[in-house]
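Q: Structure incoming, see below.
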Amino acid sequence: MYIPPAFRIEDANKVTAFIQRHSFSTLITHDGTAPFASHLPMLYRPDVGSHGTLVAHMARANPQWQHFTPGREVLVVFHGPHSYISPSWYQTKPAVPTWNYAAVHAYGIPAVFTEHERVVSLLCETVSTYEASFERRWPGDLPDDYRDKLIQAIVAFEIPIARIEGKFKLGQNRPAADIQGVFDALSRSEDSDSRALARMMRTECNVQENI
């Protein structure tokens, strides 16, 4: 990923928080002829391996898992908030439009695992992770035979991360007045992604909300 120095995020805690917040990812592989992508939730274990490990599952009918080859890296993209940026929000003139966004790219060699208890543990962890914020949580209490039949229809895998890249393009390379103008405009937007981008700017760019 192209990352100018002003936008590069190397703080491991920020990267971890970002992946956990935006865990619905795009997994990109190559089948030897063409790229292939799937959209999957990924659990991130930051303390397993040098850069952490991703764990997930996909439908066995999805051919992508058959692209997993020893020695061949895959790419996992985690997408954050993004928004069009109008030059009308800048104090500096002349200026042109751009698009601001946040993303993390993780690279690694995937490995399928089939141990029954390990697969069950992954599924339980996935459910508990995404049910955690609900007032009424689904307990996941399926009959064992029904659960085990469903397990036959999935493939579980892990990706020890070999390298990871974080990019928060929030206008950090612009004058403070321009950054403030963008923040003010995004904060007023009716678009939820734009407001989420403004919240990131509050932390990353040290801007203040105008009251």
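Going by this note's numbering, the first residue of the sequence shown is number 224, and it counts up by one from there. From the three backbone atoms N, C-alpha and C, an ideal C-beta is built for every residue, glycine too.
Counting C-beta neighbours from all protein chains within 10 Å, is the total for proline 333 16 or more, i.e. buried, or is it exposed?
A: As a position in the sequence shown, residue 333 is number 110, starting the count at 1. Under this definition proline 333 is a buried residue.
Q: Taking 8 Å as the threshold (beta carbon to beta carbon), is tyrosine 307 in contact with chain B?
A: Annotation note: the requested chain B is absent from the structure, which comprises a single protein chain.
Q: Helix, strand or coil for leucine 485 per DSSP?
A: Here the chain comprises residues numbered 224 to 434, so residue 485 is not present and cannot be evaluated.
Q: Hey, would you say glycine 272 sits closer than 8 Å to proline 383, going by beta carbons?
A: The sequence position of residue 272 within the sequence shown is 49, counting from 1. The sequence position of residue 383 within the sequence shown is 160, counting from 1. Result yes, Cβ atoms of glycine 272 and proline 383 sit closer than 8 Å.
Q: Identify every residue that forms a DSSP beta bridge with arginine 268.
A: For this step, residue 268 is matched to residue 45 along the sequence shown. Thr276, per the DSSP bridge assignment.
Q: Compare the C-alpha of aspartate 371 against each of Met224, Lys390, Ile402 and Thr337 and name the closest.
A: As a first step, residue 371 is located in the sequence shown; it is residue number 148 there, counting from the start. Among Met224, Lys390, Ile402 and Thr337, the Cα nearest to that of aspartate 371 belongs to Thr337.
Q: Can you check which of these residues, Pro293, Ala326, Tyr330 and Ala379, is closest to lysine 392 by C-alpha distance?
A: Working through the sequence shown from its first residue, we reach residue 392 at position 169. It is Ala326.
Q: Looking at histidine 328: is its Cβ nearer than 8 Å to the Cβ of methionine 224?
A: Here residue 328 refers to the residue found at position 105 when the sequence shown is read from its first residue. Here residue 224 refers to the residue found at position 1 when the sequence shown is read from its first residue. In this structure, methionine 224 lies closer than 8 Å to histidine 328 by Cβ.
Q: Determine, using beta carbons only, whether alanine 376 and arginine 283 come nearer to each other than 8 Å.
A: Here the question's residue 376 lines up with position 153 in the sequence shown. Here the question's residue 283 lines up with position 60 in the sequence shown. Their beta carbons are under 8 Å apart, which means alanine 376 touches arginine 283 by this criterion.
Q: Rounded to a whole number of angstroms, what is the C-alpha to C-alpha distance between phenylalanine 291 and threonine 349?
A: Working through the sequence shown from its first residue, we reach residue 291 at position 68. Working through the sequence shown from its first residue, we reach residue 349 at position 126. So the two alpha carbons sit approximately 22 Å from each other.
Q: If leucine 266 and alanine 279 are in contact, beta carbons under 8 Å, what's the gap, nearest whole angstrom?
A: In the sequence shown, counting from the first residue as 1, residue 266 sits at position 43. In the sequence shown, counting from the first residue as 1, residue 279 sits at position 56. Confirmed, about 7 Å.
Q: Quick one: Cα of proline 293 to Cα of arginine 386, how far?
A: As a working mapping, residue 293 is identified with position 70 in the sequence shown. As a working mapping, residue 386 is identified with position 163 in the sequence shown. Distance between the alpha carbons of proline 293 and arginine 386 is about 17 Å.
Q: CA-CA distance, glutamine 243 and histidine 339?
A: Residue mapping note: residue 243 aligns to position 20 of the sequence shown, counting from 1. Residue mapping note: residue 339 aligns to position 116 of the sequence shown, counting from 1. In a straight line, the C-alpha of glutamine 243 is about 25 Å away from that of histidine 339.
Q: Which ranges does the beta strand (DSSP E) cover as unbroken runs of at least 3 residues, wholly within the segment 299-383, from first to last along the chain?
A: The segment 299-383 contains these whole beta strand (DSSP E) runs: 321-331 and 334-336.
Q: Using the C-alpha atoms, what's the distance from tryptophan 361 back to aspartate 367?
A: Taking the first residue of the sequence shown as 1, we reach residue 367 at position 144. Taking the first residue of the sequence shown as 1, we reach residue 361 at position 138. About 16 Å.
Q: Thinking C-beta only, is leucine 420 closer than 8 Å to histidine 305?
A: Position 82 of the sequence shown holds residue 305. Position 197 of the sequence shown holds residue 420. In contact: histidine 305 and leucine 420 (Cβ atoms closer than 8 Å).
Q: Could you give the DSSP three-state label for valine 405: helix, strand or coil?
A: In the sequence shown, the residue the question calls residue 405 occupies position 182. DSSP places valine 405 in helix when its eight states are reduced to three.
Q: Please tell me whether glutamine 287 and leucine 250 are closer than 8 Å, where the distance is taken between their beta carbons.
A: For the purposes of this step, residue 287 is identified with residue 64 of the sequence shown, where counting begins at 1. For the purposes of this step, residue 250 is identified with residue 27 of the sequence shown, where counting begins at 1. Their beta carbons are under 8 Å apart, which means glutamine 287 touches leucine 250 by this criterion.
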